[in-house]
Amino acid sequence: MRYAEGPSAHCDIHVGAAVPRVWELVTDILLPARFSPELCRAAWLDGAEGPRVGARFEGHNHHRLLGEWRTVSHVTELEAAGERRVFAWAVTDADGRYGGPAPDPARPM
Numbered sequence: 040m041r042y043a044e045g046p047s048a049h050c051d052i053h054v055g056a057a058v059p060r061v062w063e064l065v066t067d068i069l070l071p072a073r074f075s076p077e078l079c080r081a082a083w084l085d086g087a088e089g090p091r092v093g094a095r096f097e098g099h100n101h102h103r104l105l106g107e108w109r110t111v112s113h114v115t116e117l118e119a120a121g122e123r124r125v126f127a128w129a130v131t132d133a134d135g136r137y138g139g140p141a142p143d144p145a146r147p148m
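No gaps in the numbering here: position 70 of the sequence shown is 109 in our numbering, and each next residue is one more.
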């Protein structure tokens with residue numbers, strides 16, 4: 040399987056916390072670096088200070104066998120109000136291309 044073929048992962052988690060608190064964590068692009076064995080840091084690009092459709096952020100990664108690499112992600116969908124919220128992004132591949140948002144990112148696998 041190649042990255043360009045669009046592999047994906049899906050997970051549903053029910054969290055016993057207030058929606059605004061969970062949303063704050065979900066949209067924090069710095070948070071995953073605290074727990075990831077590969078992602079070292081992330082930063083918003085082009086003056087963006089937070090998530091909005093079209094905003095870009097970069098991730099700096101390191102793996103002892105694969106070395107270091109950088110990704111650029113593009114926010115493709117954002118619904119920040121109400122009980123149902125969406126924060127979706129696409130990661131640029133090696134050729135500088137990225138895919139569009141999934142038609143139904145919450146569909147069961």
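Every residue, glycine too, gets a C-beta built ideally from N, C-alpha and C.
- At least 8 Å separates the beta-carbon of residue 99 from that of residue 73.
- Listed in chain order, the non-local C-beta contacts of residue 110 below 8 Å within the same chain comprise 97, 98, 100, 130 and 131, local neighbours out to five positions each way being set aside.
- As far as DSSP is concerned, residue 89 takes part in no beta bridge.
- Boundaries of the beta strand (DSSP E) around residue 78: 78-83.
- Non-local C-beta neighbours of residue 69 in its own chain, meaning closer than 7 Å and more than five positions away in sequence, comprise 81, ordered along the chain.
- Closest option to residue 83, judged by alpha-carbon separation, among 63, 113, 127 and 61: 113.
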